[in-house]
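Written below as structure tokens is the structure these notes are about.
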Amino acid sequence: MGKIRLMDEPLSNKIAAGEVVERPTSVVKELVENAIDAGSTAIEVLLQEAGLTSIQIIDNGAGMDEEDALLSFSRHATSKIENEHDLFRIRTLGFRGEALASIASVSKVVLQTSDGTTGTHLEIEGGRPTEQRAGALRQGTDIRIGQLFFNTPARLKYMKTLQTELGHTIDLMNRFALSYPRISFRLVHDGKQLLQTAGSGDIRRVLADIYGVAIAKKMIAFEGESPDYQIEGFASLPEITRANKNYISLFVNGRWVKHYAIANTVHKAYHTFLPLERQPIVVLNIKGDPYLTDVNVHPSKQQIRLSKEKELLELVHDTIRRAIQTAVRAPVIEKPK
Ligand code: ADP
Ligand code: MG
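Residue numbers (full-length UniProt numbering): 1 to 337.
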């Protein structure tokens, strides 16, 4: 008899969780992405002990009916893509259909969701449903992840200090707020509110909420387009500098991405305006046909491969450089001859 066996679902989910659920911040990221994809206009994130004890996300989005609520925890279950063709036209933040399954396999989940007509209450422990009943009718989803990594002690032990974990999540929430200024975000840690944005649609206001009013006033708006890409955002005046590139926030079709070449190009746009080792504060929103942007590079979906990268880099460089040049020259008033 052969020795090979197919794994049961809880086991394969637990293995996948190793990649998707690296730390509390990864859970917050996946759940907030789901809330955004569900069309929410207000998203609340409540953490206890940096998320290791509890992560609760409350949204006012579309919610789910009972059948979907159960199905959402199955691996490869998604409402966002149907076929291979869709994979190249992704307009949502999620598409892999594995976040909830992975998260549920390494934690204790309580889900309350309502699509407005039915309400569902579900509890899942280590990937196995333990309770299911009718729930409240409040439209939206309230999901609570308790005791993350309770059944993967090695991962739990690996977690850095609570302060480090919390720092990652604050950073993440700031980026969500910057890329979705129309959504009101709130982050509360152990009862203390750390972030609250208005959801007014005004990026400068979000910049003020995050970096302070004084800095927000010194950010210059820019926009530009090339045949395949449109960009817009805010770039700090050269008098404001930071020690690292962490203040350069890059978003591609609403997704926060890490892209070395783009970040480097933003820095180059400041050449001679900034000391070489200093970095600006920049929010750069890039829009382009999803066909040009491959996000299926890594389970965390933060890396991206771009077609027509050279065209985009030129656009970024020229648009930001022009904006800074204009702003720096603006105060100099030519004396009449
Ligand atoms: P993906 O986001 O890649 O589709 P997930 O495992 O994160 O995979 O979620 C599975 C499905 O559950 C989603 O496709 C969506 O239909 C549903 N879902 C998850 N979270 C929410 C939410 N907050 N509101 C409404 N539907 C949700
Ligand atoms: Mg998702």
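Don't be surprised by glycine CBs; every beta carbon is placed ideally from N, CA and C.
Start and end residues, beta strand (DSSP E) containing residue i
| i | result |
| --- | --- |
| I42 | The question names Ile, yet the displayed sequence has Ala at residue 42. Start and end: 42 to 48. |
| H121 | 119 to 125 |
| D142 | 140 to 146 |
| P129 | 128 to 134 |
| K108 | 108 to 114 |
Where residue i falls: helix, strand or coil (DSSP)
| i | result |
| --- | --- |
| T319 | helix |
| M173 | helix |
| I281 | coil |
| D59 | strand |
| S179 | helix |
| S79 | coil |
| S105 | helix |
| S12 | helix |
Terminal residues of the alpha helix (DSSP H) in which residue i lies
| i | result |
| --- | --- |
| V28 | 24 to 37 |
| L194 | Per DSSP, L194 belongs to no alpha helix (DSSP H); it is in the beta strand (DSSP E), 192 to 196. |
| V188 | Segment 184 to 189 is the beta strand (DSSP E) holding V188; no alpha helix (DSSP H) there. |
| D86 | 84 to 87 |
| E66 | 66 to 71 |
| K157 | 153 to 158 |
Nearest to residue i (by Cα), restricted to the options the options
| i | options | result |
| --- | --- | --- |
| L292 | L276, L284, N253, T319 | N253 |
| T169 | L31, R329, L93, V110 | L31 |
| R186 | L312, N83, I57 | I57 |
| A177 | T41, D65, E277, M7 | T41 |
| L111 | E311, L100, E123, K218 | E123 |
| R204 | G224, F222, L195, F234 | F234 |
| G119 | L137, T130, E19, G126 | L137 |
| G126 | L172, E66, S12 | S12 |
| N34 | G18, I324, A99, R5 | A99 |
| K310 | N264, H298, A323 | N264 |
| I262 | L172, I90, V282 | V282 |
| G18 | Y158, D202, K217, E223 | Y158 |
| K217 | G224, Q163, G201, S236 | S236 |
| E239 | L274, A208, R175 | L274 |
| F73 | M1, T92, E84, R96 | R96 |
| R278 | I43, S300, N246 | N246 |
| M64 | D142, R5, M1 | D142 |
| M173 | T319, G39, K29 | K29 |
| residue 382 | R322, R5, N296 | In this structure the chain extends from 1 to 337, so residue 382 is not present and cannot be described. |
| A323 | K308, D294, L284 | L284 |
| Q196 | E44, R321, E223 | E44 |
| I85 | D294, R242, R175 | Before going further, note that residue 85 is His rather than Ile in the sequence given. Of the listed residues, the one whose Cα sits closest to H85 is D294. |
| P181 | S300, V328, G201 | G201 |
| G155 | R175, E82, L166, V20 | A quick correction: the sequence has Arg, not Gly, at residue 155. When each option's Cα is compared against that of R155, the closest is V20. |
| R133 | R144, H121, G140 | H121 |
| P10 | P299, A327, P129 | P129 |
Neighbour flag for residue i against chain B, beta carbons, 9 Å
| i | result |
| --- | --- |
| E98 | Absent from the structure: chain B. Only one protein chain is present. |
*Is it a yes or a no for the stretch 78 to 88 touching the stretch 45 to 56, going by three-plus beta-carbon pairs under 8 Å?*
When C-beta atoms of the stretch 78 to 88 are compared with those of the stretch 45 to 56, fewer than three pairs fall below 8 Å, so the two segments do not count as touching.
*Take every Cβ of the stretch 267 to 286, pair it with every Cβ of the stretch 182 to 192, and state whether three or more of those distances are shorter than 8 Å.*
Two segments are said to touch when three or more pairs of C-beta atoms, one from each, lie closer than 8 Å; by this definition the stretch 267 to 286 does not touch the stretch 182 to 192.
_Any 3 or more C-beta pairs closer than 8 Å across the stretch 144 to 157 and the stretch 100 to 119_ = By the Cβ rule, the stretch 144 to 157 counts as touching the stretch 100 to 119, because three or more pairs are nearer than 8 Å.
*asked:* Quick check for students: name the residue ranges of the alpha helix (DSSP H) that lie wholly in the UniProt domain "DNA mismatch repair protein S5" (207 to 325), counting only runs of 4 or more.
replied: Runs of alpha helix (DSSP H) with 4 or more residues, each lying fully within the UniProt domain "DNA mismatch repair protein S5" (207 to 325), are found at 213 to 216, 260 to 269, listed in chain order.
*Quick check: the stretch 275 to 293 against the stretch 219 to 237, are there 3 or more CB pairs under 8 Å?*
Because the criterion of three Cβ pairs below 8 Å is met, the stretch 275 to 293 and the stretch 219 to 237 touch.
*Are three or more beta carbon pairs between the stretch 247 to 261 and the stretch 297 to 313 nearer than 8 Å?*
In this structure the stretch 247 to 261 touches the stretch 297 to 313; the number of beta carbon pairs closer than 8 Å is three or more.
_So, does the stretch 109 to 121 touch the stretch 21 to 28, judging by three or more C-beta pairs under 8 Å?_
Verdict: no, contact absent.
*Would you check if the stretch 61 to 74 and the stretch 211 to 218 touch, i.e. whether three or more CB-CB distances between them fall below 8 Å?*
No: fewer than three Cβ pairs fall under 8 Å.
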